[in-house]
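What follows is a single structure, written as structure tokens, with notes after it.
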Amino acid sequence: MVQHFRDWVVRIAPGLWPVVTLLIGIYVGGTVTSRNQRKQWVLDNKRNEFRELISAITRTVTLVANLPQGAGPEERKAAGDAELTAIAMINDRIFIAREMAELNVLNRWHKMMPGLVNRSQGSEDFDKLKEDLINTAMKLYE
């Protein structure tokens, strides 16, 4: 019985080898493709988060820096709402959280805003923060 089984395996093995190698190739190709698609998906999400963050902080800084001295309650509320939105965006980034921590974005933001509100300073700090964010986002694609 064992000899009969060995003879059978020896007869069909050469015919099965191409099928086995094809299946292995399909599996490896699928794994590599899946990994590459996931990498690209993460990079796309990081790019979108950077874009949203830069837009939000730019909008806030523009509103706060251009707020007239005698601004009314509606204008002040709009600037305050924009600042809350920017802080929320700084805090809720998922894909770029590590980069945000490395750049110390939240602390830099909190140090920068009083100078913008008082018109004493802050625009240089904002320019540097924005430049750092853009440079970090661009490094993702190197």
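Numbering (my numbering), first residue to last: 34 to 175. Quick reminder that beta carbons are idealized off the backbone N, C-alpha and C, glycines included. All of these numbers come straight from a predicted model, not from anything done at the bench.
Short of 6 Å in beta carbon distance, which residues of its chain neighbour Leu136, apart from the five on each side in sequence? Order them along the chain.
Here residue 136 corresponds to residue number 103 of the sequence shown, with the count starting at 1. Within the same chain, Leu136 has close Cβ partners Asp165.
Is the Cβ-Cβ distance between Arg126 and Glu82 less than 8 Å?
Looking up residue 126 in the sequence shown gives position 93. Looking up residue 82 in the sequence shown gives position 49. Yes, the pair counts as a contact, with Cβ atoms nearer than the cut-off.
Assigned secondary structure, Tyr174 (DSSP; H/G/I helix, E/B strand, else coil):
Locating residue 174 in the sequence shown gives position 141, counting from the first residue. It is coil, neither helix nor strand.
Could you tell me the alpha carbon to alpha carbon distance between Leu96 and Gly148, rounded to whole angstroms?
The count along the sequence shown starts at 1 and reaches residue 96 at position 63. The count along the sequence shown starts at 1 and reaches residue 148 at position 115. Leu96 and Gly148: Cα-Cα distance of roughly 14 Å.
To which residues of the same chain is Ala78 closer than 7 Å at the C-beta, ignoring the five residues directly before and after it?
What you label residue 78 is simply residue 45 of the sequence shown in a count that begins at 1. The amino acid occupying residue 78 in the given sequence is Asn; Ala does not appear at that position. Closer than 7 Å at the Cβ level, and outside the excluded window around Asn78, lie Phe128.
What would DSSP say about Pro101, mapped onto helix, strand or coil?
The sequence position of residue 101 within the sequence shown is 68, counting from 1. Coil, per DSSP.
Start and end residues, alpha helix (DSSP H) containing Leu124:
Position 91 of the sequence shown holds residue 124. With the sequence shown as reference, residue 124 is identified as Asn, and Leu is not the correct amino acid for it. In the DSSP assignment, Asn124 falls within the alpha helix (DSSP H) that extends over Pro106 to Asn124.
Please state if the CB of Ile120 and the CB of Val138 are separated by a distance shorter than 8 Å.
As a first step, residue 138 must be located in the sequence shown, where it is residue number 105. As a first step, residue 120 must be located in the sequence shown, where it is residue number 87. No, they are not a contact pair.
Would the region 156 to 173 and the region 82 to 92 be scored as touching if the rule is three or more Cβ pairs under 8 Å?
yes
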